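Chemist: Here the working numbering is used: the first residue of the sequence shown is 244, the next is one more, and so on.
Please find one structure pasted underneath; my questions will follow.
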Amino acid sequence: MAGTIRTGMAGWIFPEWRKGQFYPEGLKQKDELAYASRHVTAIEINSTFYQNQKPASFEAWAAQTPEDFVFTVKGHQAVTHIKRLKEVEQPVEFFFASVAALGKQLGAVCWQLPPNFKYDLDRLEAFFKLLPRDIRQALEVRSKAFATPDFVTLLKRYNVALVIADTADWPWLDQTADFTYCRLQGPPGGDHYDDAGLDLWAGRLEAMSAGKTIAGELIVPMAGKQPERDVFAYFVSTDKVRAPGNALAIQRRLRLAPAA
């Protein structure tokens, strides 16, 4: 037995994908989400980072996708970049009031901190206390200052998943929650994954979902038996053109069937 692995990309609207990279020729833009959700198994919504969406928008997106399809949602920049987690009770409450419209199709929320965010465990803990515990939460940091055992311990205490990014600045693979969240940005020096990279990550995702030892760098060494975990893995490299192809290729390696 193992957890469920879901793979996909960030968003579903990208002009280059209409040129034979993903969408079939002649597909109407209004039908792109329906198509994408029947070929990959999850999509990360990034537009929520820039502006809050109306509940009706989330409801409409959910209605276009299979019932077992899952979205994850990027947290609003007002919380992470503008207020920098200070005095964010109201924007956090407002954010979750709208994303709740996704219902059971809300897989997780991903909060992305700016690269220059100061290492401050007290501020992080105060923020974690505001987050609803019945919705999975992930946190992406982009500074090596956070690569400490104390930070990992805090994430585990609040069941917040440390985002696995696979970058030169953040190579660590620690799993800190009852699920795992990967935003795979391409190997150092590259902008997409070749066959060898996809083989490596297919093995890692299988190991993560099954609670097995992972080959890679860890802030805190794995100790004892690990739990099975659901895994989200998004391809978000700078070469966005190839993101759907990478997602589909790793699905084939993992023998994952898209939502029906």
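Every residue gets a Cβ at the ideal spot worked out from N, C-alpha and C, and that includes glycine.
The model shown is predicted, which means the values in this text are computed figures rather than measured ones.
1. Hey, quick one: how far does the beta strand (DSSP E) through W354 stretch, first residue to last?
2. So the candidates are S452, T284 and R385; which of them puts its Cα closest to the Cα of A253?
3. Is F314 helix, strand or coil when you go by DSSP?
4. What is the C-beta distance between V406 and I248, in whole angstroms, given that I count them as a contact (C-beta under 8 Å)?
5. Could you please give me the residues that DSSP links to Y477 through a beta bridge?
6. Use the C-beta contact count for G433: other C-beta atoms within 10 angstroms, 16 or more gives buried, fewer gives exposed.
7. So what's L382 in DSSP terms, helix, strand or just coil?
8. Exposed or buried, what is G251 when buried is set at 16 or more other beta-carbons lying within 10 Å of its beta-carbon?
9. Enumerate in chain order the residues of its own chain whose CB-to-CB distance from K387 is below 7 Å, with the five nearest sequence positions on each side excluded.
10. I'd like to confirm the pairing. Which residues does DSSP put opposite L405 in its beta bridges?
11. With which residues is A321 paired in a DSSP beta bridge?
12. May I ask you to report which of helix, strand or coil DSSP gives E275?
13. Classify E330 as helix, strand or coil using the three-state DSSP reduction.
14. From V335 to K326, what distance separates their C-alpha atoms?
15. I256 lies in the alpha helix (DSSP H); which residues open and close that run?
16. To which residues does DSSP link A285 through a beta bridge?
Modeler: Looking at the coordinates:
1. Residue mapping note: residue 354 aligns to position 111 of the sequence shown, counting from 1. Its beta strand (DSSP E) spans residues L349 to Q355.
2. Residue 253 sits at position 10 when you count from the first residue of the sequence shown. For the residues S452, T284 and R385, the minimum Cα distance to A253 belongs to T284.
3. Sequence index remark: in the sequence shown, residue 314 carries index 71 (1-based). Strand at F314.
4. Locating residue 406 in the sequence shown gives position 163, where the first residue counts as 1. Locating residue 248 in the sequence shown gives position 5, where the first residue counts as 1. Not really, about 16 Å apart at Cβ, beyond 8 Å.
5. To locate residue 477, count along the sequence shown from 1; it is residue 234. Paired residue(s): G251 and R426.
6. Position 190 of the sequence shown holds residue 433. Exposed, by the Cβ-count rule.
7. Here residue 382 corresponds to residue number 139 of the sequence shown, with the count starting at 1. Correct three-state label for L382: strand.
8. By one-based count along the sequence shown, residue 251 stands at place 8. G251 is buried by the Cβ-count criterion.
9. Within the sequence shown, numbered from 1, the residue matching residue 387 stands at position 144. Closer than 7 Å at Cβ, skipping near neighbours: D412.
10. Locating residue 405 in the sequence shown gives position 162, where the first residue counts as 1. Paired residues: L382.
11. Reading the sequence shown from its first residue, position 78 is the one you call residue 321. For A321, DSSP records no beta bridge to any residue.
12. To locate residue 275, count along the sequence shown from 1; it is residue 32. Of the three classes helix, strand and coil, the one that applies to E275 here is helix, per DSSP.
13. Here residue 330 refers to the residue found at position 87 when the sequence shown is read from its first residue. Here E330 sits in coil by DSSP.
14. In the sequence shown, residue 335 corresponds to position 92, counting from 1. In the sequence shown, residue 326 corresponds to position 83, counting from 1. Each residue's Cα considered, the two are about 11 Å apart.
15. Taking the first residue of the sequence shown as 1, we reach residue 256 at position 13. Premise fails: I256 is in no alpha helix (DSSP H) and is neither H nor E.
16. Your numbering for residue 285 matches position 42 in the sequence shown. Answer by DSSP bridge pairing, in chain order: G251 and V313.
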